[in-house]
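Undergrad:
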Amino acid sequence: MTDLAHSIDILGGIATRQQLLAIGFSGQDLTRAVRSGQIRRLRQARYASPQAPLDRVAAARVGGLLAGPSAAATYGLWAGTDQRLHISVGPNSGRLRTNTPPSFRGRGALTPDTSARPIELHWIEGGAVPERGPECWRVTFESCLRQTVAWCDTETAIACLDTALGVAGCTREGIAAIFAIATASDRLTASQCRYGSESGSESLVRQRLDVLGIPYRQQVEIPFVGRVDFGLVGTRILIEVDSWKYHGDRNSFERDRRRDAELVARGFTVIRLTYQRVMTDWPWCERMILAAIAAQR
């Protein structure tokens, strides 16, 4: 039965009965695994491994797929700060389970039955769970991008697409093709994505520099130091943006301080913007940037 749980993990932690039968397991295998506690039955013909992330479990319990920004996070893309769990279901979907207890009585819930995040259901064509195929817990990458642009604010949408270019190996031509069937407004938003942002916070900074009319270059190579996130054109001002991934990472902190010292020794002004500052105190970030520019005039 360990092989069964492992097979579900390979499929993303959630699997349909048809998927598991297709790779060689029998109905009896599934029944035994559920009874022994090796895997969990979330709803009819939906199973989860013990390691399945709770967001995926919640989507499967409801009877849909992680969608939009909630799916974007699972693809390694910027998903913004929306705390809702976006789940797509088909227009004719039925027997949708609520995500609040009680769903079972007597022995108690067989699965985590509550979510710390409020759920936003989207009733859309193609939103139902596919019985076969590589995955049954999230929408496709292409649908994820289109939904994120359609459902989120423009800044978040562009940051999602920027990270698709930066970390998912997409091209602007590929994104244009994905949005060929989208609305004119969404195609316009998609056209504003740019190469160069390796994190969502970097994309937010580059978009806000555009609003301020400050010319810049991204991923600037500094001899003997390496690449920096932004170099302001016509100045010796560099901007480094800390991703949330590095928050609290002591090794990254020490490395970045060494880089900053090397850059200052070479005559650069370094403005380091933390993830928290970018997300919660942009006016302060803006003041620091404008003050540094004024000081070099």
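Residue numbering for the sequence shown is 101 to 397, as defined by my numbering.
Where a beta carbon is used, it is the ideal one built from N, C-alpha and C, also for glycine.
Name the two residues that bound the continuous beta strand (DSSP E) containing Q319.
TA: By one-based count along the sequence shown, residue 319 stands at place 219. Element bounds for Q319: Y316 to I322.
Undergrad: Could you tell me if the beta carbon of F324 falls within a distance shorter than 7 Å of some heavy atom in the ligand ADP?
TA: Because no ligand of any kind appears in the structure shown, any question about the ligand ADP cannot be addressed here.
Undergrad: So for R372, helix, strand or coil by DSSP?
TA: Position 272 of the sequence shown, counted from the first residue, corresponds to residue 372. Strand.
Undergrad: Look at the alpha carbon of T254 and the alpha carbon of D182, and state the distance between them as a whole number of angstroms.
TA: The residue you call residue 254 lines up with position 154 of the sequence shown. The residue you call residue 182 lines up with position 82 of the sequence shown. Going by the C-alpha atoms only, they are around 13 Å apart.
Undergrad: Is it the case that the Cβ atoms of A250 and V189 are separated by a distance below 8 Å?
TA: Here the question's residue 250 lines up with position 150 in the sequence shown. Here the question's residue 189 lines up with position 89 in the sequence shown. Cβ atoms of A250 and V189: not closer than 8 Å.
Undergrad: Would you kindly report the start and end of the unbroken beta strand (DSSP E) that includes F125?
TA: Along the sequence shown, one-based indexing puts residue 125 at 25. That residue, F125, is in no beta strand (DSSP E); it is neither H nor E in DSSP.
Undergrad: Grab me the residues of L165's own chain with a C-beta within less than 7 Å of its C-beta, minus the 5 sequence neighbours each way, in chain order.
TA: Here residue 165 corresponds to residue number 65 of the sequence shown, with the count starting at 1. Result list for L165: A159, I187, S188, G227, V229, W237, R238 and V239, in chain order.
Undergrad: Which residues in the same chain as I322 place their Cβ atom closer than 7 Å to its Cβ, once the five residues preceding and following it in sequence are excluded?
TA: Position 222 of the sequence shown holds residue 322. Excluding positions up to five away in sequence, the list reads V328 and L363.
Undergrad: CA-CA distance, G300 and Q292?
TA: The residue labelled residue 300 in the question sits at position 200 within the sequence shown. The residue labelled residue 292 in the question sits at position 192 within the sequence shown. If you take the alpha carbons of G300 and Q292, they lie about 15 Å apart.
Undergrad: Expressed to the nearest angstrom, what Euclidean distance is found between the alpha-carbon atoms of L338 and T283?
TA: Locating residue 338 in the sequence shown gives position 238, counting from the first residue. Locating residue 283 in the sequence shown gives position 183, counting from the first residue. The alpha-carbon atoms of L338 and T283 are separated by roughly 38 Å.
Undergrad: Can you check whether the CB of I108 is closer than 8 Å to the CB of Y147?
TA: Here residue 147 corresponds to residue number 47 of the sequence shown, with the count starting at 1. Here residue 108 corresponds to residue number 8 of the sequence shown, with the count starting at 1. Yes, these two residues count as a Cβ contact at 8 Å.
Undergrad: Rank E302, F368 and L177 by C-alpha distance to the C-alpha of E242 and give the top, closest one.
TA: The residue given as residue 242 occupies position 142 in the sequence shown. Of E302, F368 and L177, the residue nearest in Cα terms is L177.
Undergrad: Report all residues from its chain with a CB closer than 6 Å to the CB of M388; omit the five preceding and five following residues, and keep chain order.
TA: As a first step, residue 388 is located in the sequence shown; it is residue number 288 there, counting from the start. So the qualifying residues of the chain are I371.
Undergrad: What does the alpha-carbon distance come out to for the pair V267 and Q128?
TA: The count along the sequence shown starts at 1 and reaches residue 267 at position 167. The count along the sequence shown starts at 1 and reaches residue 128 at position 28. Distance between the alpha carbons of V267 and Q128 is about 42 Å.
Undergrad: So the candidates are R217, V311, W223 and G112; which of them puts its Cα closest to the Cα of P191?
TA: Reading the sequence shown from its first residue, position 91 is the one you call residue 191. Of R217, V311, W223 and G112, the smallest CA-CA separation from P191 is found for W223.
Undergrad: Express the C-alpha separation of E298 and L111 in angstroms, rounding to a whole number.
TA: By one-based count along the sequence shown, residue 111 stands at place 11. By one-based count along the sequence shown, residue 298 stands at place 198. Straight-line Cα distance between these residues: approximately 27 Å.
Undergrad: Work out the CA separation of I314 and P383 for me, nearest whole Å.
TA: The sequence position of residue 383 within the sequence shown is 283, counting from 1. The sequence position of residue 314 within the sequence shown is 214, counting from 1. Put simply, the backbone Cα of P383 is about 15 Å away from that of I314.
Undergrad: Confirm, please, whether the CB-CB distance from V341 to V378 is below 8 Å.
TA: Taking the first residue of the sequence shown as position 1, residue 378 is located at position 278. Taking the first residue of the sequence shown as position 1, residue 341 is located at position 241. For V378 and V341, yes; Cβs fall inside 8 Å.
Undergrad: DSSP beta-bridge partners for T116?
TA: Position 16 of the sequence shown, counting from 1, holds the residue named residue 116. Partner(s): R146.
Undergrad: Checking contacts by CB at 8 Å: is S136 closer than that to chain B?
TA: The structure shown contains no chain B, having only a single protein chain.
Undergrad: Are the beta-carbon atoms belonging to R217 and L185 less than 8 Å from one another?
TA: Position 117 of the sequence shown, counting from 1, holds the residue named residue 217. Position 85 of the sequence shown, counting from 1, holds the residue named residue 185. Yes; because the gap between Cβ atoms is below 8 Å, this pair is in contact.
Undergrad: Taking Q145 as the reference, give the member of A105, G168, P153 and A115 with the closest Cα.
TA: Residue mapping note: residue 145 aligns to position 45 of the sequence shown, counting from 1. Per the sequence shown, the amino acid found at residue 145 is Ala instead of Gln. When each option's Cα is compared against that of A145, the closest is A115.
Undergrad: Cα separation between F405 and A105?
TA: This structure does not reach residue 405, given that the chain is present from 101 up to 397, and the question cannot be answered.
Undergrad: So, at 7 Å on beta carbons, what are the nonlocal neighbours of C385 in its own chain, with the 5 sequence-adjacent residues on each side left out?
TA: The residue you call residue 385 lines up with position 285 of the sequence shown. So the qualifying residues of the chain are L373, R377 and V378.
Undergrad: In the DSSP assignment, find the unbroken beta strand (DSSP E) run with L336 in it and report its ends.
TA: Position 236 of the sequence shown holds residue 336. Rather than Leu, the amino acid found at residue 336 in this sequence is Arg. First-last for R336: undefined, no H or E at that position.
Undergrad: Is the separation between the beta-carbon of T271 and that of S303 shorter than 8 Å?
TA: Locating residue 271 in the sequence shown gives position 171, counting from the first residue. Locating residue 303 in the sequence shown gives position 203, counting from the first residue. It is not a contact, given that the beta carbons lie outside the stated cut-off.
Undergrad: With DSSP collapsed to three states, give me the class of G382.
TA: For the purposes of this step, residue 382 is taken as residue 282 along the sequence shown, with counting starting at 1. Checking the displayed sequence, the identity of residue 382 turns out to be Trp instead of Gly. The answer is helix: DSSP assigns W382 an H, G or I state.
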